[in-house]
Structures are given as structure tokens and as C-alpha cells.
């Protein structure tokens, strides 16, 4: 099958052909690089392409104007046999040669009677100037073909003149007269256009003249010319005397009379015919003007059928075309697509007329009406197909408008209408898509997904909220949500036995300071939370009466409850259980395992606990017994605590997104679901009941929030929203209500005050005052309203406000500077405020007189132990990060609390960094701090502060103590702060290139005058204090290791043990800085290098402890798997035992020689720091400073089975079982 394009000019003359290829697309356009170049400014440089697609050739327009195929503008179309593409002034006809696919002729076809065979291409005589497809580009220039046509017409006219002269000079045979007349007419013109006359088949040989069948002169044979016969009769010669009938007077008279009668008849016929034409034309125009377009079209068509050569025929054709357009676009339901088709038909039928340009204004008028009407109808009908109609009509408008007067205003009007239509169609499509998604979600029983999809729709089109279908689907979603909430009957009893680790004794170091020492405890406590424990603190003295470890990050602050006894309700995150303690003693009342994460504080009402969880549950638990009596399961997480409504029989709880639930208390059941439309995670503050009103705060943006108020007097149906108030910030903390006064905290210590009214005839919320001076504080804010219109705010200090009719007046006094750690509590006029110490999680709880803003006592809870220093009395000094120093002796370990510190450091005002401490030598400890006033305290083993030193900048690493002073590692230098007042020492400055490098990893004391300074880049320096010629620090020697040093080194026996990031440990001689031994470990050191009892220890990948023998070239003695829980501090070697403390709370005693685990126990808290000798006892400290005696604990712990570490290839190592075997060769390689 071969497909080609036959190219003809506007007169129909074929000017060329082009064969289409399936492999290579054909390009057509004005540019000379196209396969077919048409030199016409009206078409694009690249107008279109024709290429093979699947089963046929396809034309694709290269411009937005499209390409005209069969009279229609299209962007792309599959081509078939006979399709005509009009490009400029040329027509390209698609011809498909199926010579190889011959089909049998259909029975009964007209060809059955004739032996007719279509001509092959080689039988058709070629035209002059025809361009055949030779594989090269075709160049079609209309100007050239116009010149050719002019030349052909001139040649034809010349030939016609010569023919007439020749005929006038010689007689013309009668039989040729008729054919000559035809040649002089249209046939000659056609031949001139075509270039030649095609040969005709004849029944006789050329030159044969058949004789008349009658054989008599004067009788015209069939097919003979009448004019020729008459001419022959007139010129025929007569014999003398023979009468010529034709020339007789009678006959001539009759002829003249007949001619007169004929002329008269012709005149009457012309007059009558003209009146008939006018009547027909007037009737058609009248029908058109009156809107009877179908009748008008019929009359126009009859006129053209009877008078197709009439002088008004062209005008009638135009009127017929416009009437067809009017028929489509007029009336109440116009067909703009049909109107466009009729307009294109009008153009096609008249484009070859010489006066076609006069029709352009009419075309533009209709194109504008169609374009604008189709766009407006598309907006109403939401029909995207009409947009294409409008675009095509706009293209015609632009094409046929005057080039010097483009239709700018009309295009703008159309464009505006198109934009509105596009928006309307997009809105309809978005609505349909959203409704389909909602239906699918509801079908899948996922109402929250359906409501979320609705919110996404309304985000884009808020006006659709009242759309009937949207409203109906929302109600279906709410009904489905309510039906999916499951009620479960429970009867799960609580447990009354406690966990074994709770019974492990520990010494709590809580520094209590009070103004009056003669006050006695009264047994009434307030709860406080510090790190991972809850404390019961006496309200009169501040003494800690009890402590319970509950784990880190509790979901709510302990709740004070009243049952048979006063209690404290809390949640243990370690065991995931709800716990009730006796308030005065901290004894366990019951514990109820839940194994779920809690989403908010419990609601305690009428002897029942209602507890929401992140696992989509609300539990009902009996307060007295702890027994679970019911549970509801929701389809989404619950964001905040339930709240009891005014009637006392209903609860309200809010979901993570979209809805608010109302529950009944007896039984626990979902009564109604109210759609609120809030976003997921947008509600952070708890709900607040205000009489008959219920309020929650929705955060609508990073800097915006909204208070939403609902009436609750009809809880069995959707709650009515009666007020919304936008506020200038998110509401993250709990609003509080006292009487009719509502206080709402905002970030930056801002505050709003409202009056509340649940009277339906009054405004629910009325703003009365505000504090809007924003600070840079962005932490939690706790409010506590008090009597006499007082309000206290806990933020970065305790602040007091006095409310009058229209303003909040702040008290200039501040108390308890620092971030407030927990909600404010009040007992009478006494307030209890807890704040974090600077840069720590330790908490200072104070009792304050609210109106006077003065403190009565302070107790520090949860302060870490920074360092231990043995004393001459047999005990040790414990240095806490609060600046308190406790002496702890062996007898103290039998107590539960030690609350009077032996030494208190006077910390700088405005301290912004945490304290740190380091053992300076066996006799002293240096406690130091950074910003805002870098300082250090040297404390001896008797608890005396020998000296306070000040540094010029915050330290980069812990300092060391030499005889002359404290060596302070600072950025880019080492400074010595002299112990003698007034002395000055020149610092050791690093090279300028090292200034910006985090220089110091550690500094290790060697003796009274030297230290070893280790830099992160692998540089180790031996630094010496020299008093001459002027006191200064001098770098005596240095060495550069091959890798960086990121963890602190250790020193013993005049050797420095350094671990590098390359996994090596090197033993460096401290005197000459030569490497005396080096090994490569199978792992990366992840903690400090420790030296204890003549052994070197290194932790690898926080999962394995390696013991090395420094006397044997750092040969591995044994290694022990740590089960992924690294050490809290270095090992402690005591005689033949090694004590280990892991961060997760596991303590172990292993054999020094082979690493065999001899005993193992778990403490209830996470641990911090190395095990320490306290006299003949061994202790470990928890993250809150609690001291546990572990030697007795491990002695009493019966191991599950002895285990050995990996040593010399023998044994398995794991905690509580056989250690996995290893050898020194497996763990390290000497170098």
C-alpha cells in the first residue's frame, strides 16, 4: 500500500505529488528546510507534520491555529483516502494506492454493463510544470504558478484570435461549426488552464466524416449542426428559374412576424420571471428576518435550484450561509458547535470568489458571536467541548480581521469569558471528583477520609459548603462515623502488687533550703516531676517524703484525686500502666496495665476515670478499684482530655480531625457526632466547659488561632456553634476559667481575657483585656486564676496580674526565674512553682506567697552527680549540677533521702550554661561553667572551696590543675589561670591556621608542671609551665597521629592512651611522645578510653567492651557484648572484679581475668557516670542523682548462669549467658 499527496493549486491544477514514508515524517511550512515548502506568509514556518501512527498516517498541527482538513481546523487527525488538506492557496489530497489489495466488484454495480478499467498513473498524461516526487523537497511558490497561469491564458487568447481570423478567411465545414463554438467557450478555457486538452475516444478514425443516413442534400443527419445545415442551404447554388422558398416574401414575412412574437414573449417572460424571482427572494428574506430559519433555508435553496445563474445567485448563497448560521446560534438553546460548522461551510463555499474579502466583516461578526456565546454557554453548562468551539471561532476572528485593526477588545472579552468558563468547568470537575472520592471512602467505611476529602474540596471552593450533595455526603459520613464507634464491655481488675525493681533502695540527693528551720512536716504533699520520677513534697517544709520512678516523658502531670483516701493518679511510661498512689506516703493503691500511649490527662468524675489514648480508645476505669469497666474504640486518634458537660451525664472529647464526640457516662456510649472541620493536629489545648458552653481552640496557622464555642444543651444531636473568635497566635496551652472570666495564653507570654455568658440572648465571648507585648519566650505557659481578680502566669518566671474592668495590670515583681517546668498548684494563698535549672532538666520547686510574690522554701530535684571525690572520713563528696555538694558516707546509703547539702557554690547570676566537674587530682575537683560568666571553683576533699577562678571565655574541654594554676583549653589557645592573685602567665597560642578548628579534645595532667593536650586533628602536644624568663606555657614536643581524635584520652603510668576515628588505640610515652604500642580494633571507639586497675578499656560501636593489657602491648584480654546498650561511664576495677554500669539501668560484676559475668541486675532508672567506690561500697548513680549501692545488690542477685567473655578464643559472651568467644587476634592487630 502506497500513500501520497496530490498537490493542486487554487484553480484545481495538479502541480506535484509527494510519496509519504512510514519511517520519516513529512514537514510542511514556509521555511525552506521543510519537505514541502510553500512560500505563503499566511502559514507558519513549520505548519504541520505528517507521520505514520499505528495503522495510518496522522497530520499534527505545529501551530495553535491548527491545520485545515476537509474544511475543518484541527490540531491532529488520522488521514484517510480522499482527505484534502488546505495549506495556504494549495490543496493536498491524500491518495492511497491499494493496487496490491484488489477487491472484487460488487454485484449489480454500474460497471457490470461496461468494460471500464480505471487508468493507471502512467496512463494519465502529465500536466505542464508538474513537480513529480523525486525524493527532494518540493518548492511551491504561488507567485510562480500565477505567472504560469497568466501566460497560459494569454496563449489561449492568442490561439482563439488566430482561429477566428482563419475561419473568417475560409469557409468552415458545417459539421465543425458546433464543435468550434464549444471550443470558443468553457472548453477552451479549461484547456488553457490545464495546459492541454485530454485525448477523447472516437468511434471513427480521425478525418472520417459520416454521411447523412438519408443520402439527400438538405436533410441534416443525426448529430449534424443545425447552423451548418442552414448555412449550406442559404449558400446552395440554384438553377435559373428555380424558386427559392426560403427567399419568398411570404416566408420572410412569416419569419419576421414570428420573430416579433418571439421577442414580445421573451419580454413578457423576462418581466414575469423577474417578478417571480423578487417574490421568492423576498419570501426567503422575510422568513429569515422573522426567525423562521428552516423555511428561509428551503426558499433560498429553491431559488438557487431554479436560478443558479441569476445575477443575485452569489448574494443569495451568502444569505443562505448566514441563515444556516443564524438557525444554529439563534433561539433559547443555541448550538454553538453547529454555528461554527455552518460558518466554516460559508467560508469554504465562498473563499474562491474574487470578492471574498467583502465577506470578512460578516465572518468576523459571526466568529465573535460564536466565540463569546460558546464561552458563556460553557460556563453555564460546564461543557469543556464548548471551550474548543470558542477557541476555533476566535481563530477565525483573528484570521479574517483586518491586519491593521486586530480585534483586541473582542479578544479580551472572549478571553475573560473563557477564563470564567474554565474556572466553572474546573470547579464542576473538582466537585465531581471529590464526590466520587467521598463515595468511595464511605463505601470502604472510612468516614474520616471522606470528611478530609470534603475539607480539601472546601479549601478550594468554600462556597460549595452549602451544596446539597456536599451537605448530604457530610451527613452520611457523620452517621457512618457514629455507627463505627465500638462499645466494649470490660471487666479487667487492677493489680495491687508492685514491680520488683521498685523495692531496690536508693539514696535521693535533694537539696532543700528553707527560710525557717523550725517548721515541721505536716504530711500534706504536692506532687513534683523531675526527669523520670514523681516526688511527693511536704507543703510546709519542702522535704521530699516519697519518690516513685515513672519513666521519662510522662503524658500528663500527676492528678490529685479524692477517693477513700487522697491519692495521686499518674502514668508509668516504663510499664505503660495507670497508677494510683496514696498521696501522703506514695504507697501503691493499684496499677492498671494498658500497654497504650496516652493522649491526654484523665478526667475524674463521679468516682470514674475517663482516659483517652493514641490507640483510638477511651477507657472507663473505677477510681476506687482500678478495674476497667468499659471502652470505646473510635476511628481516629483522640487529641485531648475529655471534659464533663454541665449536666454531669455527658462527656465531650475531640478527635484528631474534623469531629467532636458527645458521650454518655452510663453506659459509656457515643451519643452524637458534631462536624467541626478542624485540621489534624490543629487542636493542642484541652477542651474547656463553660456552663452550657463548650470551647476549644483551633490553630489555623503558625501565627493564628481561633476560639470556637458550642452550645451543649442538646447533646443528643449535633452541637450548635454559637461563636468564633480569631486570636493573633496559636493556642498551645490550656485556657483557664474562673467564674465568668476566661484567660487564654498565647506564645511570647501574651494573654487575652474575656467574659463568658451562656445566656442565649447575650454574646458568648466578650474581650475585656489583653497583654500583647511579645517576648522571645516560646516555651509552655501555665495560668492559675486566684481570688480578688488575680492571675498568675508561669512561663520563664512566675508573674502576677491584677484584672480590673477593662485591663490586666502586671506586677513588676518576678519570682523563680527560669523556664517553668509544670502546672502551677495552689493551696490557700500559697503557690507551688517548679522551674528548670539553667541548661539542665533538674527542677527547683519553690513554695511562694502568691500575693506577696516571695518564696518560703526551695527544693532541687533530679540534679545529676557530676563528680565524686573521696574524703578523709571514708565517704565521698558528690558534686551536683545544681551547685550543691553532698557528703555521702556508708551509713547514708541506708537512708532514702539526703536533703541538706554540705556545700553550696554561689553560681553567677544569669547562668546560661550547665555546670561540669572534673577530678583535678586525687585531692581536688574543679567545678566550672560557661556563659554568661565563665568560672571555676576548686574544691578540696574536705568540702572547702579553695579558690574561684575566672576564665576569659567558655572552655572547649575540661581544665586541668597544675601547681601554678588551672590550664584552660580555649579556642585557639591554652591559658593558665594562676592560683596566686596578681600573677600573669603568657598563653600557648596555636598556629593561625588552627584558630577556626574545634581544637581541643581533652587536656590530661602529667605532673605538677606538665600536661598533655590532645587536638581533634590528631595532634598531641606536651605542654610545660615555665616560670622563666616570664611565666608562660611552652609546647615542648608534639606528635601527629594518622586520624582524628574525637573522644577523650586517658593517662596512667606516664603513658597516654588515645583512640582514633580509624579504629586504632595507641599507647604514647608521655615523656618523649613516642608510640610504644598500637593496635587496630574491629570497630569504632564510641566512648572515652578508660584506665582502671592497670587495664585499658574501650567501647566499640556502643555494643562491645574490649579489655586490653597495657603491659603486653595492648593485647586483648577479653571482650564483652553489651547488647546494644552502651556504658554510662568507665569500668571500675575492684580487686579481681570489674563493675560495669550500662545506660539502660543494667549493672554487672565480671571477672577481671577473663570477663566472665558473675552477677547481673537491673535498676529502675537510667544510669549516668561510672561506678564509684564509696568506702568499701560500690555505688552507681542514676540520671536524677539517686545513688544505688550495687555491690550488695549484685552479691544478692543470683545470676541465671555464669558466663565468660571472649578470651583467647574460648567462651561465648552475652549478658546473663555465655559470652561469645574472641581472641586478641580477632579483636585487634598490633602495628
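In the working numbering, the protein residues as written are -18 to 1212. C-beta atoms are modelled at their ideal positions from N, C-alpha and C, and glycine is treated no differently.
* Asked: Where does the unbroken alpha helix (DSSP H) through residue 753 begin, and where does it stop?
  -> Going by DSSP, residue 753 is part of no alpha helix (DSSP H) at all; its letter is neither H nor E.
* Tell me, to the nearest whole angstrom, how far the beta carbon of residue 73 is from that of residue 66; I am working on the premise that it is less than 8 Å. => That belief holds up - the Cβ atoms of residue 73 and residue 66 are roughly 4 Å apart, short of 8 Å.
* Beta-bridge partners of residue 786, as assigned by DSSP -> According to DSSP, which records beta bridges pairwise, residue 786 is partnered with nothing at all.
* Any idea which residues DSSP pairs residue 1088 with across the strands? -> Looking at the DSSP assignment, residue 1088 forms a beta bridge with 1078, 1099.
* **Extent of the continuous beta strand (DSSP E) run through residue 1016** => From DSSP, the beta strand (DSSP E) with residue 1016 extends over 1013 to 1021.
* At least three beta-carbon pairs within less than 8 Å, the segment 728 to 735 to the segment 662 to 670 -> The segment 728 to 735, when compared against the segment 662 to 670, does not touch it at the 8 Å Cβ threshold.
* To do: Take residue 752 as the anchor and find which of 743, 726, 337 has the nearest alpha-carbon.
  => Ranking 743, 726, 337 by Cα distance to residue 752 puts 726 first.
* **Own chain, CB closer than 6 Å to residue 106, minus 5 neighbours either side, in chain order** => Here the model assigns residue 106 a pLDDT of 46, short of 50, so the residue's position is not dependable and the matter cannot be decided.
* For residue 173, does the count of other Cβ atoms within 10 angstroms reach 16, so buried, or fall short, so exposed? -> Residue placement at residue 173 is flagged as unreliable, the pLDDT there being 34, under the threshold of 50; the coordinate-derived value follows with that caveat. With 16 or more Cβ atoms within 10 Å of its Cβ, residue 173 is classed as buried.
* Per DSSP, which residues does residue 992 bridge with? Please list them. => DSSP lists 986, 1004 as partners of residue 992.
* Assign residue 774 to one of three DSSP states: helix, strand, or coil. => The three-state secondary structure of residue 774, taken from DSSP, is strand.
* Considering only residues of the segment 445 to 469, which uninterrupted alpha helix (DSSP H) runs meet the minimum length of 4 residues and lie entirely inside it, listed in chain order? -> For the segment 445 to 469, whole alpha helix (DSSP H) runs of length 4 or above, ordered along the chain, are 449 to 465.
* Asked: When we look at the beta-carbon of residue 963 and count the other beta-carbons within 10 Å, is it buried (16 or more) or exposed?
  -> Here residue 963 is exposed: its Cβ has fewer than 16 other Cβ atoms, across all protein chains shown, within 10 Å.
* To do: Would you list the residues sitting across from residue 631 in a DSSP beta bridge?
  => Residue 631 pairs with 645.
* Asked: residue 319 to residue 64, Cα distance in whole Å?
  -> Near 21 Å, if we compare the C-alpha coordinates of residue 64 and residue 319.
* For the alpha helix (DSSP H) that residue 347 lies in, which residues bound it at each end? -> Residue 347: member of the alpha helix (DSSP H) spanning 341 to 362, first to last residue.
* Between residue 37 and the rest of its own chain, which residues show a CB-CB distance below 8 Å, the 5 nearest in sequence each way excluded? -> Residues 59, 60, 61 of the same chain have their beta carbon placed closer than 8 Å to that of residue 37, with the five preceding and five following residues left out of the count.
* Asked: When the Cα atoms are used, what is the spatial distance from residue 457 to residue 451?
  -> Residue 457 and residue 451: Cα-Cα distance of roughly 10 Å.
* Asked: Tell me which same chain residues have a C-beta within less than 6 Å of the C-beta of residue 550, skipping the five on either side of it?
  -> Cβ neighbours of residue 550 beyond the five flanking positions: 540, 542, 561.
* Supposed close pair residue 278, residue 301 - CB separation, criterion 8 Å -> That belief holds up - the Cβ atoms of residue 278 and residue 301 are roughly 7 Å apart, short of 8 Å.
* Which stretch, first to last residue, makes up the beta strand (DSSP E) that contains residue 552? -> That run of the beta strand (DSSP E) goes 547 to 553.
* Status (buried if at least 16 other CB within 10 Å, exposed otherwise) for residue 310 -> By the 10 Å Cβ count, residue 310 comes out buried.
* Asked: Counting pairs of Cβ atoms below 8 Å between the segment 696 to 707 and the segment 635 to 654, do you hit three or more?
  -> Short answer: they touch.
* Starting from residue 1025, follow the alpha helix (DSSP H) in both directions and report where the run begins and ends. => Neither: residue 1025 is in no alpha helix (DSSP H) and is coded neither H nor E.
* Do residue 1058 and residue 1041 have their C-beta atoms closer together than 8 Å? -> No, they are not a contact pair.
* Enumerate in chain order the residues of its own chain whose CB-to-CB distance from residue 1292 is below 7 Å, with the five nearest sequence positions on each side excluded. => Nothing about residue 1292 can be read from this structure; the chain reaches only from -18 to 1212.
* **residue 40 (DSSP reduced to helix, strand or coil)** => DSSP places residue 40 in strand when its eight states are reduced to three.
* To do: With DSSP as the reference, label residue 442 as helix, strand or coil.
  => Note: residue 442 maps to coil in three-state DSSP.
* Asked: Contact between the segment 606 to 624 and the segment 396 to 409: three or more CB pairs below 8 Å?
  -> No, because fewer than three Cβ pairs between the segment 606 to 624 and the segment 396 to 409 fall closer than 8 Å, the two stretches do not touch.
* Nearest-angstrom Cβ-Cβ length linking residue 643 and residue 631, presumed shorter than 8 Å -> For a cut-off of 8 Å, the C-beta gap from residue 643 to residue 631 is around 6 Å, short enough to register as a contact.
* To do: Count the other C-beta atoms from every protein chain shown that fall within 10 angstroms of the C-beta of residue 515, then say buried if there are 16 or more, exposed otherwise.
  => Classification for residue 515: buried.
* Answer yes or no: do residue 866 and residue 884 have a C-beta to C-beta separation smaller than 8 Å? => In this structure, residue 884 lies closer than 8 Å to residue 866 by Cβ.
* Who does residue 680 pair with in a DSSP beta bridge? -> Residue 680 pairs with 686.
* Going by the CB atoms, is the gap between residue 1030 and residue 1077 shorter than 8 Å? -> No, the Cβ-Cβ distance between residue 1077 and residue 1030 is not below 8 Å.
* Asked: When DSSP builds the beta bridges, which residues end up paired with residue 511?
  -> In DSSP, residue 511 forms a bridge with 514.
* Taking Cβ positions, are residue 874 and residue 1158 nearer each other than 8 Å? -> For residue 874 and residue 1158, yes; Cβs fall inside 8 Å.
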